[in-house]
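Participant: So the working numbering is basically just the index in the sequence shown, starting at one, shifted up by 528. A single structure is presented below for examination.
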Amino acid sequence: MRAFAAALLLAAVAAASAGEILETTVIHEDGRYTVRFDVRLAAPPDRLKHYLTDYERYASYFESVKESQVLGRTPEGELRVRLRLRACVLFFCRTVTVVRSISERPDGTIVARIDPALSDFREATEQWRIAADQGETRLQYRAELVPTFYVPPLIGPWLVKNQIRNALEAGADKLEALAHE
């Protein structure tokens, strides 16, 4: 379950205790998860964006990322990135592989589509928005995900939401410290 939350977040392992968690929402319906979070961080937007898009070094920034590799570009110019995430809850550990094609819209929104043939998801799309907000940075994330592995339907959303909140709180100091270096 923790690996699933890490896969949902990817970079969100790094966001908010010194800042403020404004929203954490997880909705589960028919095997599909809709995940949203919104945080305000005490860090400059450009520095935050630098660390959230430094895909080759994710493993050194985020504890749950065991391997990160830029695979190249798609014919459309999207960046292809592979991540291997590992996490444990009690004695149960899981490794999740995610291969994403990433692009940036003119408004600065980062959009990722997961390749189901190379990932542990049937389908997934993610959106990151990073913007200045009252002298700090607002980081908003939205994802629609359908995992290929079993997540218990009755407790799954609750566990995923708790894992997201814990990951946001646990990684805040690290990302803010990096952004201020």
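Think of the CB as a built atom: it goes at the ideal place given N, C-alpha and C, for glycine as much as any other residue. Keep in mind the model is a prediction, meaning the values are calculated, not measured.
(1) When you compare only the Cα positions, how much space is there between Glu-606 and Ala-652?
(2) Leu-569 by DSSP, collapsed to three states: which one?
(3) Assuming Arg-564 and Glu-551 form a contact by the criterion Cβ under 8 angstroms, report the distance between their Cβ atoms to the nearest whole angstrom.
(4) In chain order, what are the residue ranges of uninterrupted alpha helix (DSSP H) at least 4 long that sit wholly in the segment 580 to 624?
(5) For Ile-555, which option in Phe-649, Tyr-678, Val-674, Arg-608 has the closest C-alpha, if you only look at C-alpha atoms?
(6) Where does Val-598 land, buried or exposed, given buried means 16+ other C-beta within 10 angstroms?
(7) In the DSSP assignment, find the beta strand (DSSP E) that holds Glu-548 and state where it starts and stops.
(8) Tell whether a beta-carbon distance below 8 angstroms holds between Asp-643 and Thr-676.
(9) Suppose the cutoff is 6 angstroms on Cβ atoms and the five residues either side in sequence are ignored; what does the same chain contact list for Arg-657 look like?
(10) Please report the residue range of the beta strand (DSSP E) in which Tyr-669 lies.
(11) My understanding is that Arg-608 touches Arg-601, with C-beta atoms under 8 angstroms, so please give their C-beta distance in whole angstroms.
(12) In the DSSP assignment, what residue or residues form a beta bridge with Tyr-561?
(13) Between Asp-635 and the rest of its own chain, which residues show a CB-CB distance below 6 angstroms, the 5 nearest in sequence each way excluded?
Facilitator: On the basis of the coordinates in this document:
(1) Taking the sequence shown and counting its residues from 1, the one referred to as residue 606 is at position 78. Taking the sequence shown and counting its residues from 1, the one referred to as residue 652 is at position 124. Roughly 16 angstroms between the two C-alpha positions.
(2) Reading the sequence shown from its first residue, position 41 is the one you call residue 569. Correct three-state label for Leu-569: strand.
(3) Reading the sequence shown from its first residue, position 36 is the one you call residue 564. Reading the sequence shown from its first residue, position 23 is the one you call residue 551. With 8 angstroms as the limit, Arg-564 and Glu-551 qualify as a contact, their Cβ atoms being about 6 angstroms apart.
(4) Segments of the alpha helix (DSSP H) lying fully in the segment 580 to 624: 586 to 589.
(5) In the sequence shown, the residue the question calls residue 555 occupies position 27. Looking from the CA of Ile-555, the closest CA among Phe-649, Tyr-678, Val-674, Arg-608 belongs to Val-674.
(6) Here residue 598 refers to the residue found at position 70 of the sequence shown. Classification for Val-598: exposed.
(7) Residue numbering aside, residue 548 sits at position 20 when the sequence shown is read from its first letter. Run containing Glu-548: 548 to 557, per the beta strand (DSSP E) assignment.
(8) Your numbering for residue 643 matches position 115 in the sequence shown. Your numbering for residue 676 matches position 148 in the sequence shown. Not closer than 8 angstroms, so no.
(9) As a first step, residue 657 must be located in the sequence shown, where it is residue number 129. For Arg-657, where only same-chain residues beyond five positions count, the Cβ hits under 6 angstroms are Thr-637, Gln-668.
(10) Position 141 of the sequence shown, counting from 1, holds the residue named residue 669. According to the DSSP assignment, Tyr-669 belongs to the beta strand (DSSP E) that extends over 664 to 675.
(11) Stepping through the sequence shown from its first residue, residue 608 is reached at position 80. Stepping through the sequence shown from its first residue, residue 601 is reached at position 73. Sure, about 7 angstroms apart at Cβ, within 8 angstroms.
(12) Your numbering for residue 561 matches position 33 in the sequence shown. Paired residues: His-556, Leu-673.
(13) Taking the sequence shown and counting its residues from 1, the one referred to as residue 635 is at position 107. Cβ neighbours of Asp-635 beyond the five flanking positions: none.
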